[in-house]
Amino acid sequence: MDALKTLKTEKVGINFGGLKAVEKLDFEIGDETVGLIGPNGSGKTTFLNIISGIYKPSEGRVIFKGEELNSFTPDAIRKKGISRTFQTNRLCMNLSVIDNLLLGLYCEQKTSWWQAIFNRSLAMQEINRGIDKCFGAISVFNPEIVDRAYELISTIPLIDRRRIEIARAIVGRPKLLLLDEPTAGLNKEETHQMIEDITKIRDSGDRISIIIIEHDMSVISKISDRVVCLNAGQKIAEGSFEEVSQNENVCMAYLGG
Amino acid sequence: MLEIKNVSTKYGHLPILMDVSISVARGETVCILGANGAGKTTLLKTIVGMVKPTAGEILFDNELISNLSPHQVVKSGIAICPEREGLFPKMSIESNLFLGAYYETDKNKIQQRFEEVSSIFPWIRRRLRQKAGTLSGGERKMLTLARALMSGPKLILMDEPSLGLAPATVIEVFNVIKKIVNDAQISILLIEQNAQKALDVAQRGYVLQKGSVILEGASKGLCNEDFVQRCYL
Amino acid sequence: MTNFLKKRSILILACVVVSLSLMSSFLLAGCSSKQSASAKTVKVAFIGPLTGPDASEVVGPKNCFDLAISQANASGKLPYQIQSVYYDDASNAGTAANDAQKIVSDPDIIAVTGFFNSAPCAAAIPIFKNAGIPLVIWGAISKDLTQAANMPYITRVVPTTFQEIQPMATMVTQTMGYKKWAVITSTSTYGQDTLAGFKAGIQGVPGVNIVSVDSIADGTTDFRPVVTKLKSEDIDAVFFGDNLTEAALAVRQMQELGITNVLLTGTSALTDPAYIKAAGTACEGMIVSQSGEDPTLLPNGQAFVAAYNAKYPQGSYGSYGEYAYDSTNIIIAALDGLGANPNPKDLATKIAAINYNGLLGTTTFDANGQTTDKLTTIMVVQDGQFISWDNSQYKTGVRKLPPV
Amino acid sequence: MAARLNDKITAALVALGICLLVYISLMSSLLVILIIVALLVVLLTYCEKTGLIDTVFQLMGKNTTLTSVIFGLFIISLPFLVKGNNDLLHIMIIAGIMGIVALGLNFQIGGIGQINFAPAVFYGVGAYTTAYLSVRLGVSPWLGTIAGVCLATLTGVIIGLPALKARGYYLALVTIALQTIFTLMIINIPAVGGPNGIPGIPYYQIFGYSLHSRVEVFGLTLPYQVNYLYLVYIVFALAIVAASRLFKSRYGIAWNAVDQDPVVAATQGINLTSIQLLSFCLGAAFAGMAGALYAHYTGFISNENFDFSQSLILICMVILGGSDNVPGVITGALLLTMIDQKLADYANYRLLMYGLVLIIILLVRSKGLLPKRIRIYGERDTGMSNGDAKLAAGAGGKR
Amino acid sequence: MGSLILSQVFNAIMLACTLALIGIGFSLFFGVMDIVVFCLGDIAIASAFCILGITSLTGVYAALNGIFPMVVSNIILVICGGVFGAILVTVMYHTVVAPFEGKNINASLLSTVAAGYVIRELIGIFYPGGRDPQNFPNLLPTGYLFNNTMLSWRNIIIVGTTVLVLMLLYWFVNRTKAGISIQALSQNKEASIMIGIDWHKMVIVTFLIGGFLLGIAGFLTASYASTLRFDTGSMYGLLGFSVAVVGGLGSIYGALAGSLVIAFVEVFVTGFIPGGAAYSGVAGFLIVVLFIIFRPEGIIGEKSISKV
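Protein chains in written order, with the numbering used here: chain A, 1423 to 1679; chain B, 4 to 236; chain C, 29 to 432; chain D, 42 to 440; chain E, -14 to 293.
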């Protein structure tokens, strides 16, 4: 059965100086979109950080396609096919739009540094292919961004920055995409656009698994196939959005009774 | 009490606020709503004097404060609760609190205010020696509020007290704000994204979008406005 | 449209830049051609640390160089006027190598005299040798600078460290019998050279041994850890291979920590009134070796001192002034008879074979280019002044050196 | 077609203008150079305001063959232009050598944004290795050079490893400390000459022809510096090509990403350790090569050529010229070397002037004369449909 | 052997005293301003030159001695040096630090290094004979306590002054309003401004205090060495920064601990390893490198290097 699941965690936990940010968490995701909800400080982002290798779990195992990831560094995990976005927009402000997107292809490109120096045609071919891919990925969301490809990120509006970040995460065709509050800081209209964008990724036929953290329940209800609710580092509910939203524990944790 | 008249500000060439006029009367609670990037925090910084307006003026108690530097503005009776990271993490709760009363020289007054504040936040009294850096998100918000109260302000500027808090904690924070609102001596200018909560405690509200005030009115009225409904609720 | 305008403005801009540049380059060319039109000149270069930590030591030698050139020009012996040029090595080997490159690329420079420090000298020697420009060294005293391979281009009028230290080392160990030695020296070329020279000087004297050697970087001001260590080692005497400032500090700190009954010895780097001023009473009874002799005591000395004082009323000629004076005069003497268009190569051959009777006596060069004139003096500090050992009250026994 | 030709003429004129500027500053006195620098600052600021600079860069980028031929011809004809003043050739050679080191250093400062205060260590290791091998062991200078590059690369690992742990001020201190240790160790180890340095380093030979012999062409006798000028500038040109290709490759982008946000970079699949070490090692290899060239050119090296002040000058070249911009770094290296060498005539005021010039340029243009630019890939027009205006808006770097 | 160790311990303590004050200067500026001013060493040396200049170049010192007793006029002199240091630091702040604040850490690093060169060279050029080592006047009393050569009055005064300055600084930082404001500023600049701390005033206060410290540091170092060289500032500054980092950048007590560590390493390598004198510098900097790699927060710093 394991082989069918894209990602599976077994009793994963992490301590920060006595504080158990995540505790004995069992989680699995197949070919689906899972919403991860929970109040602030419940360990959602920490959980993503464990999966993407930024934190090492102090207990348990993370298994991706039957392979244990515990000892892997973030870059190795990205190479396995897990990519992510961040809560606050973390694009490289000193790079242009296209360079940011190309960054997402880094682990896919094969040019070594001596080829970059000595075999110009090969390197250029690969970069040009990469640019085509990046433009393809970003025009799904907003074709206008392509026209601004050679501008610095700092001149791009917030919603497009989010799109660029997501495009950067999917341009390398990952198997598992981790989205950390993609709608934070967006207004209602922009949130609607973002929901559409994420739906496009989900339905693109790439069979990509998505874990999405969100505070906005309207997003979760529209996008996710399944919802997992965390509180104080532990899973307190799991199921479809309707099931979870009616769960007593969830209401207690979330709405303060 | 506080009057912002036709204020504009720029960061470099980028205009942030355009011709903004806002007023707060004595003892009144006013909220400013707006999405990210609408210029809410810039407005607050402009009031405090951290950003100089390029046009317009700001009056406080009928005195011009838009050309004062931050410490002079604070001295004149305005207290600020910053958005996040508003505490001194390596200092104890006690030091943080007493730094709030920076311009008060009368020790008795400070003590008296401390009594008042600790009656609003009873937990503070028990944990005076704890380092501020070890508090949870909600507690930090409370402590910044308490610190603002320590200066005995005429006006408190609150920057997004609900930001980054879990729903349960948000309720808690707003309960405290309500307590302060009931004290008729203090005016509050509340900057919020959470429109429902904010309009709940405020008497009047403004809606800020892309640097201009597009709507203003009494809370009840604003609540029913179609635009606010669509964008913020 | 804007695009087109921009291209145009670039074109205009580029044209303006190019034409301006062309104009100014023609101007420049005009200037430089005017310079090269002047008559054939013969230049002799002086190189030394005109700036930097050793600058004060080179004032005297530079004056002496100027004195010799002006005397030669005034005498009218040569069919042309010698022009003096100065290069500053700032005691830095890299700078010296650069300077040497500049010197050899100036076709007018016919000979060079210079170098106070040995490292810059070592750096420059191969360059001069390859270019065939004669160099007469007046101040750098490291032993290896003069070698048979460098002949006839590199010669030296000043005794090497080895030659200089030898007599004093023999005297204090063999005659006076100081046995247990400590050496405080510098990590610089000079320090390492004096250390080797001292070791060579005491070699073979029975019973003498060096208990400790401490090489300390120039610029150090705190010698107390080293001095404290010496205190526990029960030594008879200390040899200082440092520069003036460091030695003065070390001596003062020894006095401060109560090490007063050991013999202090040093090299010619210390024979400067500034040293006694810096070291104070702590250096009383210190024995130092010096190359050369007080010019006033030399046969040709009176005339030199008179001429120097007339030209530079307020400057001392320093420890190496006589050598700079003699080395310049050797070049001038060699130039005499080479005609109106001297060639550096002929000049070098002539210098190497010279037998010159000057201020310091008769100078000839051996197969390595080293002077055969090994005049050295042993001095002792008495009442805050350097006195020749032979004239001092220490020799006569009126005053006592620290016990063995 | 006509527009294309027009472009070519303009590019050629600009290249000629640059060559002339270099030539004039080479020939003239310090004061003129300083005036030129001041004018350059004004001109650049004006060009940036109007967006002209982007057009110029684009033009030059499109006509690389033409411009590089012009620059090449300039260097080839330089010995005939300086009217036998070998000192000027010497300055140009040193400028070329410094340029190579600065390009390597730029991988660290411009690439991963870490100020390495010890570039002179790499430079020194290259020089000392080849000097030691060729003087003490009699190895051929060419083999020595290769060994120097290898050992310098190894040193890159040694200095790069602490850089993985430390950033900002801490890295500055670590590298300064390592630089000081290096200098002290050289002084204390007699095998490498101690304070005396290593004199008499043999010169390069090509099939028995020593590069240290004078050249006779067209009845003119040219000094031996000419050989080294050509050698150094061939290596320099290779270094420029390598550096600009790397800048536009995925490694250049990855370096910038590591500079901006290491966590994000890691989650994009960039191995932080190897990518940072790559920047240090490549930089060290460049510097090692330059060090070997220097050793075999001057024939003498000592610790003073590779001390902290040398490192500082190299850093200034990168930062004042414009970090992470190859033309900027080259400009910095040429200008500062010239100023430095001309300052030698005012020895007493040299360091003072240096400090003042540095502070003034930092105050006037804190990002350097030619700041970092946005990468433009190939001849493709995608995203640049409106051409220059758009590019200018983006590249201006408004913040 | 025992007395030898004791003597060397004492040497190390003396060395530590001369390093501690400049280390504190680094920590103070880093804590409040989040900047490292690399020219502090040169400023300290310049202050010492100021004192030297007053005593040897002008008649002021003689005039002072005519009016006051020797001790008082010496103290006045030291205060002059401190004030000079304070002025110099403030000038430095406005010319080479403030323009780059918050913009470009590299530019401010370089500009302060360059400023160090400028100060050094200005002394070298404009002080009469400035490039030669100068004898520093003996302003501290001579003589020994208990006839023990280690316990000279000068040494005792140097240690005493260092301890006194440290205690005063402790009192200032923790007990006075200005001190607490400086602490607040160092922890959270924006919030400090929002509670009404006059940031500009506090920066000036910090610089005045730091500069005064540097002036005293320069005086103590020059007195201890009894000589003064114009070019020692960079090494002195580098050691000061090392001391601050080894102890924990931003912490006043850390600077003291760091200076003890570095001083002990240098003195013991010199004193107990044969031929070690040449390697004492190497050992000192090796310690710095090891600390940065394995314990970047320093001896008593808290584990947060996110500031960098």
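Where is the CB? At the ideal position from N, CA and C, for every residue including glycine.
Neighbour flag for residue i against chain C, beta carbons, 7 Å
i, result
"D:S109", "no"
"E:R116", "yes"
Interface flag, residue i vs chain B, CB-CB below 7 Å
i, result
"E:G101", "no"
"E:A83", "no"
"E:S291", "Its pLDDT being 34, under 50, E:S291 is placed unreliably in this model, and the coordinates cannot settle the point."
"E:R169", "The question names Arg, but residue 169 of chain E is Ala in the sequence shown. Answer yes: the Cβ-Cβ gap between E:A169 and chain B drops below 7 Å somewhere."
Nearest residue (CA-CA) to residue i, options the options
i, options, result
"C:V233", "C:L163, C:T309, C:D270, C:G205", "C:G205"
"C:K402", "C:F190, C:I153, C:S98", "C:F190"
"D:A442", "D:L212, D:V97, D:Q266, D:Y338", "As shown, chain D starts at 42 and ends at 440. That puts residue 442 of chain D outside it, with no answer to give."
"D:I247", "D:L122, D:N268, D:G234", "D:N268"
"B:S72", "B:P56, B:V204, B:I191, B:G208", "B:P56"
"D:L174", "D:A161, D:I153, D:V190", "D:V190"
"D:V198", "D:Q301, D:D302, D:L318", "D:L318"
"D:S118", "D:L270, D:G409, D:I417, D:F277", "D:L270"
"C:T213", "C:M196, C:V266, C:W166", "C:V266"
"B:F101", "B:P92, B:Q114, B:G89, B:K93", "B:Q114"
"D:N389", "E:T255, E:I108, E:F11, E:S171", "E:I108"
"C:C311", "C:A275, C:L285, C:I379, C:A297", "C:A275"
Listed by chain order, chain E residues near residue i by CB distance under 7 Å
i, result
"B:I83", "M179"
"C:V254", "T255, A262"
"B:Y105", "I180, G181, I182"
7 Å Cβ cutoff, residue i in contact with chain E
i, result
"C:A83", "yes"
"B:F91", "yes"
"D:G363", "no"
"D:L225", "yes"
Whether residue i touches residue j by CB criterion (7 Å)
i, j, result
"D:G310", "A:Y1528", "yes"
"C:V333", "C:T324", "yes"
"B:L202", "B:S222", "yes"
"D:T194", "D:A325", "yes"
"E:A210", "E:A29", "no"
Neighbour list for residue i in chain D, Cβ cutoff strictly below 9 Å
i, result
"C:Q220", "P231, G235, P236, N237"
Below-7 Å beta-carbon distance, residue i vs any chain D residue
i, result
"C:A150", "yes"
"A:I1549", "yes"
"E:A92", "yes"
Contacts of residue i in chain D (Cβ-Cβ under 7 Å)
i, result
"E:V(-6)", "Going along chain D, no residue has its Cβ under 7 Å from E:V(-6), so there is no contact; the nearest lies around 25 Å."
Contact set between residue i and chain C, taken where Cβ atoms lie within less than 9 Å
i, result
"D:G340", "A125, A151, P154, I155, N158"
is_contact[residue i, chain A] using C-beta, thresh 7 Å
i, result
"D:R414", "no"
"D:T308", "yes"
"D:D95", "no"
Proximal residues of chain B, C-beta to C-beta of residue i below 7 Å
i, result
"E:E300", "This structure gives no information on residue 300 of chain E, because the portion of chain E shown stretches from -14 to 293."
Fill in: Runs of alpha helix (DSSP H) lying entirely within the segment 229 to 289 of chain C, each at least 4 residues, in chain order
252 to 259, 272 to 284
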